[in-house]
Each structure stands twice: as C-alpha cells, then as structure tokens.
Amino acid sequence: MAATKILLEDLEKNIVVEVWVSAADAERAKTDHVLCLFVDMFFATKLLQSFMEQEQEQEASTYHVEHGEDPLFTPIDEETTEIQEFEGNAEGGVSLYRWTSPCVLLLLETYRSMEGILQKGKMSQKKVWSKISEELKTKGYDATGPQCNSKLRSLKKTYKSTKDYNQKSGNNRKTWQFYEIMDEIFGQKAWCDPVAVASSTGLSTKKPQVTDSAVGSDSECSTKSDKTSMATLLRKRLRQKDEHEENKNKRHKETMEMNAKFLKVLQKPAEK
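Just so we're on the same page, this note's numbering is the position in the sequence shown counted from 1, plus 6.
What follows is the structure, encoded as structure tokens:
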C-alpha cells in the first residue's frame, strides 16, 4: 500500500511534523482538520502523539548505544519522574507504603541529621525511627518508623549493588536517581567498600579504606556542606514536583476547554 505524506501541527510545542501514513489515514486526518468532526478530531491528534512517542523511543535507544549504557538498566529522569514503589512486609508487621521521590529525599535528609544519635546509641533505634517518621508526617508523608527503616535498608542494598557494579572494570556505568545522595551519606562506610577483584597478577585488589584519622578535620567541614547540598536538592525536587503538577492541571484545563468548544460547534447545526 502506497504511503502518503501529511503535515501535522503540534500546537503545544509550536512545530509541524511530517508523517508518512496510508492513504486512508491521510484522508481521515485531512477530514479531521477541514470539517472538525467530533468523532474524528482526535484521530489526527492521536496520529501525531503516536509518531512523537516513536521518535522519543528511538532517541532514547540511540542515547543508550552512544553512551554505552546497559539497555536493561533504565535511568530515571531526575527532573520530572517520581519513583513509586511499595515498601514493607505485611507479614513481618510492616504495612505497605507508597514512596515518591520527594518523600525518599526527605527520609534521607532526616536520617542524615539524626545519624549521629543512632551511632552514639544515646537513643534506641526504635525511638529514632519513630522521630524520623514524625518528621515525615509533618511534611504530609504518613510513613511509620518501621516503614522508614525498611525503605532505608532497601536503598542501601541498591546503592551497594550499583557501586560494586560500576567499580568493576569492563562494566558499563549504571545510573540511579539517589546514588549521589546515598554516596554523600554512606560513601565512606566500611560496609560499602567494593568487593575484591582478582587482578592479572593473581593478587586480589581492593579499594583502600579511608580511616577516621585520614578524614581528620575535613569531616566537620564536609558535614555542613553535605547537609546544605541535600537540603538544596530536596527543595529543588519539591519545587519541580509542584511545577509539574501545575503544568499537568493547566494542560487538562486547556483540553477540557477545547473539547467544550468542539461540542458547541457540533451543537449549532443541530439547533438549526
């Protein structure tokens, strides 16, 4: 079947896209724009959306190939995407909770501010996690102490796995939305040292562990900068989330207004 080239206008992005479609689809899309039929008016729009989605998929595939990334490991868009997962074990007494990116960032920042209390043992872990939960609830996130504890354990596992993978020679680098923040908090911990790898000489090699004495006075300065960095990033993520929701609501409102106008146009011949 011969293909026909048509032009579709994306009003939101103010661009015109060339699309090759069948003759029947081309005629239907043309009818959509000329007669403004209510049933067919969505066809050209859907045709354009389908084409744009295919273009985005091809661009994403090209990006992975050009940058040598693992196609099975999907990087997360830090600007707009929210991670939504359920954490906890109902059988173990921890109910399920739906975590989003801002909530995870707030959890990490709150844990960072109370990490010293946990390490010194001046307060029981249960009480510390209860306080962390209370802090999240003041910001509108109804996560319990056990849920927060369970989530952090899960984050640690992902961080350790990603770090070990990236430090093995020959592996393509993996990305993770919370890697930098986790690295700031746990990067110098003994448990996150990379696994030993056999070298060509037959001797095992391992990344040197940074001791407390080597850190010295630099740790006090870095602690303040780390806290500031995390707080700034958290505020940025929350602001971006609000902007994303605002734009989403605006687009929905515009779509509803457009549909109402089309309905009004269709109703005029019926009134006559």
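Beta carbons: idealized from backbone N, C-alpha and C, even for Gly.
Cutoff 6 Å; reference R179; Cβ partners in own chain excluding five residues on either side: Answer for R179: N172, listed in chain order.
How is the beta strand (DSSP E) around W135 delimited, first residue to last? In the DSSP assignment, W135 falls outside any beta strand (DSSP E) and within the unbroken alpha helix (DSSP H) covering Q131 to T144.
Within 10 angstroms of its Cβ, does K174 collect 16 or more other Cβ (buried), or is it exposed? Exposed.
Check the C-beta distance from S139 over to T150 and give it rounded, since I have them as a contact under 8 Å. Correct: roughly 5 Å between the Cβ atoms.
Please determine if the region 255 to 263 and the region 125 to 142 are in contact, where contact requires at least 3 C-beta pairs separated by less than 8 Å. Taking a cut-off of 8 Å for Cβ pairs, the region 255 to 263 and the region 125 to 142 do not touch, as fewer than three such pairs fall below it.
I'd like to check one pair, S107 with Q183: are the Cβ atoms closer than 8 Å? Cβ atoms of Q183 and S107: closer than 8 Å.
Along the chain, where does the beta strand (DSSP E) containing Y103 start, and where does it finish? Here the beta strand (DSSP E) through Y103 covers Y103 to W105.
Verify whether the separation of the beta carbon atoms of L158 and L112 is less than 8 Å. Result no, Cβ atoms of L158 and L112 do not sit closer than 8 Å.
Counting only the same chain and skipping the five closest in sequence on each side, list residues whose C-beta sits under 7 Å from that of T168. Taken in chain order, the residues that qualify are K180, W182 and Y185.
Quick check on the burial criterion: 16 or more other C-beta atoms within 10 angstroms. Buried or exposed for E190? With 16 or more Cβ atoms within 10 Å of its Cβ, E190 is classed as buried.
With L240 and E121 assumed to form a contact (beta carbons below 8 Å), what rounded beta-carbon distance in angstroms separates them? A Cβ-Cβ separation of about 16 Å leaves L240 out of contact with E121 under the 8 Å criterion.
How is S175 classed by DSSP in three states: helix, strand or coil? The answer is coil: DSSP assigns S175 none of H, G, I, E or B.
Leaving aside the five residues before and after K166 along the sequence, list all residues of the same chain whose C-beta is less than 8 Å from its C-beta, in chain order. W197 and C198.
For F192, the first and last residue of its enclosing alpha helix (DSSP H): For F192, the enclosing alpha helix (DSSP H) begins and ends at Y185 to F192.
Would you mind sorting S5 into buried or exposed? The rule is 16 or more other CB atoms within 10 Å of its CB. Given that the chain is displayed from residue 7 to residue 278, the structure contains no residue 5 and the question cannot be resolved.
By the 10 Å Cβ neighbour count, where 16 or more other Cβ atoms means buried, how is M188 classified, buried or exposed? With a 10 Å radius around the Cβ and a threshold of 16 neighbouring Cβ atoms, M188 comes out buried.
Any idea if V271 is buried or exposed, counting beta-carbon neighbours within 10 angstroms, 16 or more meaning buried? With fewer than 16 other CB atoms across the displayed protein chains lying within 10 angstroms of its CB, V271 is exposed.
With H, G and I counted as helix, E and B as strand and the rest as coil, what does DSSP make of T116? In the structure shown, T116 falls within a helical segment according to DSSP collapsed to helix, strand and coil.
Within the same chain, show all residues whose beta-carbon is closer than 8 Å to that of E249, passing over the 5 residues directly before and after it, in chain order. Around E249: no qualifying Cβ.
Alpha-carbon spacing of V134 relative to N155, whole angstroms: Distance between the alpha carbons of V134 and N155 is about 10 Å.
What three-state label does DSSP hand A29 in the structure shown? If DSSP states are grouped into helix, strand and coil, A29 belongs with the helices.
Spatial distance of T144 from M264 (CA atoms): Here the alpha carbon of T144 sits roughly 40 Å from the alpha carbon of M264.
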